[in-house]
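Asks: One structure coming up, written as structure tokens, with questions to follow.
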Amino acid sequence: MPKEQGDATGAAMTGVGLARPQGRLKGAPPSIGAAAARHWPLLLGLATMVIPTMIRVAHDSWSTEQGAHGPIVVATGVWLVMTLRRDFMPLIRPGRLGLSLAALAVMLPLYALARLTGTTEVEGIALYFTLIAVAYAYLGSAAMRVLWFPILYFAFVFPPPDTMVALITQPLKIGISKWSVDLLALLGYPVARSGVMIQIDQYDILVAAACAGLNSLISLSAISLFYIYLLHKANWRYALVLMLAVVPVAALANFVRVVLIILLTYYGGDALAQGFLHGFAGLTLFTVALLGIFGIDKLLTPLRRRLAARDAAA
Amino acid sequence: MSAEALEPAPTRPGIDRRDLIFGGAAAAAAALAYARTPRTREMKIAKNALDKIVPKQIGPWHEEAASGIVLPPPDQLSQLLYDQQFARVYVSDTRLAVMFLMAYGSSQDGVLQIHRPEICYPAGGYRLTDTVKSVLPTPGGGVPVRTFTASSMTRVEEVLYWTRIGDALPVSWAEQRLAVFRSNLAGLVPDGLLVRFSTVSQNHDQAVATLTEFARTLLAAIGPAGRAQLIGQP
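Line order of the protein sequences matches chains B and Y. Taken in order, the first sequence gives residues 0 to 313; the numbers are from numbering that gives the first Met the number 0. Taken in order, the second sequence gives residues 0 to 233; the numbers are from numbering that gives the first Met the number 0.
Shown next as structure tokens:
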């Protein structure tokens with residue numbers, strides 16, 4: 000355990016002015032690792048929750064198409080926190096203990112219940128809020144406010160509840176089936192639809208959730224949000240506006256994918272469409288989504304300038 | 000305040016009291032979860048026994064080859080979900096043919112649970128009417144069942160089914176999860192069984208009557224041991 004370098008006159012050394020940084024050069028960025036290592040009992044305790052839960056999340060969610068963005072979000076999120084350390088670390092003040100404990104009184108039993116019944120999504124959510132409550136106790140609200148985006152971003156590490164996802168993806172799935180057929184029919188293709196089954200020429204295409212790529216809706220949203228934050232974090236009001244466009248753009252990317260699959264089936268047959276599905280569909284999806292965000296970004300430039308000016312004047 | 004200040008230096012060396020509170024609470028939650036994780040599997044239906052529960056003659060029906068039955072898709076997920084599957088077609092000179100499917104998963108938990116037919120049928124291209132909940136009258140009390148009509152381009156199918164999780168007979172996804180919960184809190188890993196009957200017919204009332212009669216005759220024919228396995232009560 001690292002020894003404290005406080006001197007004999009403990010009362011005088013409370014971090015003001017003369018405080019000696021713990022063994023690093025003046026001017027170098029503060030070290031998160033050293034600060035965290037002081038609190039090893041906390042880290043040990045948290046590890047008993049974090050390690051088993053993350054193993055289960057990795058197994059249940061990260062290995063699927065819906066959850067593949069998990070490890071990427073962890074890595075990029077941690078990186079974001081590291082880049083922000085000069086901004087948030089000076090603002091660290093202990094938060095209100097009572098508030099944290101109240102949150103934990105709800106989250107810890109929920110965690111235990113979810114874990115023993117094998118309900119991974121609730122387990123993940125409970126762990127997420129537990130970590131936020133603990134972080135608040137140590138960092139305080141000023142420091143946490145600097146970290147607002149990484150905190151929200153980390154939520155993407157955990158799988159969302161099935162029913163919540165279905166609520167959004169079901170109508171989207173039906174909508175995309177309808178519009179892709181309407182569009183192609185307008186362009187003169189021999190295409191028809193019954194429910195979520197699309198007939199083109201002599202082929203049948205079932206717009207299952209996977210086919211429409213709606214499983215990647217969440218991954219797309221996560222990556223888009225990260226991109227928007229990196230570009231526009233100085234202008235946070237604009238960043239929030241742009242973030243509203245994320246889900247529609249992801250839906251649009253899926254729409255393009257379905258249209259492409261229908262056309263590929265029509266021109267090249269079943270095998271070609273399936274090959275595309277497994278090969279390039281993911282790439283197409285992400286490219287279209289990011290291009291979409293980029294395009295909207297350009298379109299909204301006047302708004303961005305206005306919000307930036309307001310920020311500067313404030 | 001110096002820009003280099005990390006956090007107020009502790010006024011005395013030693014372990015931060017907060018660390019013990021939070022670290023201890025976290026470890027306690029993890030320990031509680033571990034201690035109360037159910038480990039006893041309640042398997043009511045032994046390996047390869049599903050086939051043997053049901054006789055080949057049920058009232059006026061007798062078994063014929065299994066074909067044309069809407070099955071759970073033979074993918075990775077099904078292999079994980081179901082340990083045993085049973086599918087037979089029963090025909091009769093005096094009644095409509097009935098397709099009889101059972102799918103059994105010996106370990107139900109929060110993530111892997113038997114899927115309700117309202118999910119399989121649409122995937123197969125069928126359009127479903129709203130499901131009707133009702134109670135199948137049996138000597139021991141009723142069995143809550145759901146019925147719905149599934150139509151595709153080629154046929155209209157009437158479906159009647161129930162699900163058993165442990166000793167419970169849930170009629171919805173939410174009830175299913177609750178049943179798993181209750182078993183878990185009692186320290187058990189419940190098993191799950193889907194029992195589904197369907198018949199092809201445009202005549203809704205006749206179809207429902209056929210399936211109801213088939214189900215009741217079946218339950219009467221398999222005896223208390225069979226009923227314990229199919230509906231959780233003898």
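Cβ atoms here follow ideal geometry from the backbone N, Cα and C, with glycine treated the same way.
(1) Mind pulling the chain Y residues with CB within less than 7 Å of threonine 47 of chain B?
(2) In terms of residue numbering, what span does the beta strand (DSSP E) encompassing glycine 97 of chain B cover?
(3) Can you check which of these residues, Y:Arg195, Y:Gly139, Y:Lys51, is closest to threonine 148 of chain Y by C-alpha distance?
(4) At a Cβ threshold of 8 Å, is aspartate 166 of chain Y touching chain B?
(5) Over what stretch of residues does the alpha helix (DSSP H) that includes alanine 173 of chain Y continue unbroken?
(6) Any beta carbon from chain B within less than 8 Å of leucine 177 of chain Y's own beta carbon?
(7) Can you tell me where the beta strand (DSSP E) holding isoleucine 54 of chain B begins and where it ends?
(8) Where do the ends of the alpha helix (DSSP H) carrying histidine 68 of chain B lie?
(9) By DSSP, does methionine 98 of chain Y sit in helix, in strand, or in coil?
(10) Rounding to the nearest angstrom, what Cα-Cα distance links tyrosine 127 of chain B and asparagine 183 of chain Y in this structure?
(11) Using a 10 Å radius around the Cβ and a threshold of 16 neighbouring Cβ atoms, would you call histidine 240 of chain Y buried or exposed?
(12) For chain Y, find out if any of its Cβ atoms is closer than 8 Å to the Cβ of asparagine 116 of chain B; answer yes or no.
(13) Verify the CB distance criterion: does phenylalanine 196 of chain Y have a CB-CB separation below 8 Å to chain B?
(14) How many angstroms separate the CA atom of arginine 145 of chain Y from the CA atom of isoleucine 164 of chain Y?
(15) Along the segment 69-100 of chain B, where does the CB come closer than 9 Å to a CB of chain Y? Name the residues.
(16) Could you give the DSSP three-state label for glycine 222 of chain Y: helix, strand or coil?
(17) Check whether chain B comes within 8 Å of alanine 4 of chain Y, counting only Cβ atoms and requiring the distance to be less than that.
(18) Any residues in the segment 131-149 of chain B with a beta carbon nearer than 8 Å to a beta carbon of chain Y? Which ones, in chain order?
(19) Given that threonine 153 of chain Y touches chain B, what residues does it touch there, using C-beta distances under 7 Å?
(20) Does valine 77 of chain B pass the burial test, meaning 16 or more other C-beta atoms within 10 Å, or should it be called exposed?
(21) Could one say the Cβ of isoleucine 221 of chain Y lies closer than 8 Å to chain B's Cβ atoms, at least one of them?
(22) Helix or strand or just coil, what does DSSP make of valine 255 of chain B?
(23) Straight-line CA distance for methionine 152 of chain Y to leucine 192 of chain Y?
(24) Please specify which runs of the beta strand (DSSP E), each continuous and at least 3 residues long, are wholly inside the segment 129-207 of chain B, giving them in chain order.
(25) State the start and end residues of the unbroken beta strand (DSSP E) segment that holds histidine 231 of chain B.
(26) Can you tell me whether methionine 81 of chain B is buried or exposed, with buried defined as 16 or more other CB within 10 angstroms of its CB?
(27) Indicate whether tyrosine 103 of chain Y and aspartate 50 of chain Y have their beta-carbon atoms separated by less than 8 Å.
(28) With DSSP as the reference, label proline 143 of chain Y as helix, strand or coil.
(29) Note down the Cα distance separating leucine 45 of chain B from proline 51 of chain B, rounded to an integer number of angstroms.
(30) Please report how far the alpha carbon of valine 170 of chain Y lies from the alpha carbon of leucine 109 of chain B, in whole angstroms.
(31) Can you tell me whether DSSP reads phenylalanine 279 of chain B as helix, strand or coil?
(32) What is the rounded straight-line gap between the Cα of proline 158 of chain B and the Cα of arginine 304 of chain B?
(33) Tell me the rounded alpha-carbon separation between isoleucine 173 of chain B and alanine 165 of chain B.
(34) Run through chain B and tell me which residues come within less than 7 Å of threonine 36 of chain Y, C-beta to C-beta.
(35) Could one say the Cβ of leucine 19 of chain Y lies closer than 8 Å to chain B's Cβ atoms, at least one of them?
(36) Between which two residues does the alpha helix (DSSP H) harbouring isoleucine 164 of chain Y extend?
Replies: In terms of the structure at hand:
(1) Ala25, Ala26, Ala29
(2) Not the beta strand (DSSP E): glycine 97 of chain B falls in the alpha helix (DSSP H), residues 96-115.
(3) Y:Arg195
(4) no
(5) 172-184
(6) no
(7) No beta strand (DSSP E) contains isoleucine 54 of chain B, which is instead part of the alpha helix (DSSP H) from 39-56.
(8) Premise fails: histidine 68 of chain B is in no alpha helix (DSSP H) and is neither H nor E.
(9) strand
(10) 23 Å
(11) This structure cannot speak to residue 240 of chain Y, because chain Y is shown only from 0 to 233.
(12) Per the sequence shown, residue 116 of chain B should be read as threonine rather than asparagine. It does: the Cβ of threonine 116 of chain B has a partner Cβ on chain Y nearer than 8 Å.
(13) no
(14) 15 Å
(15) Arg85, Met88, Pro89, Ile91, Arg92, Pro93, Leu96, Ser99, Leu100
(16) helix
(17) Any reading at alanine 4 of chain Y must be qualified, since the residue scores a pLDDT of 45, below 50, and its modelled position is unreliable; the value itself is stated next. Closer than 8 Å to some Cβ of chain B, the Cβ of alanine 4 of chain Y qualifies, so yes.
(18) Val133, Ala136, Tyr137
(19) Residues of chain B passing the Cβ test: none, with the nearest at roughly 12 Å.
(20) exposed
(21) no
(22) helix
(23) 30 Å
(24) 190-193, 196-199, 202-205
(25) Unbroken run through histidine 231 of chain B is the alpha helix (DSSP H), 216-231; no beta strand (DSSP E).
(26) exposed
(27) no
(28) strand
(29) 10 Å
(30) 25 Å
(31) coil
(32) 36 Å
(33) 12 Å
(34) Leu115
(35) yes
(36) Here isoleucine 164 of chain Y belongs to no alpha helix (DSSP H); instead the beta strand (DSSP E) covers 155-164.
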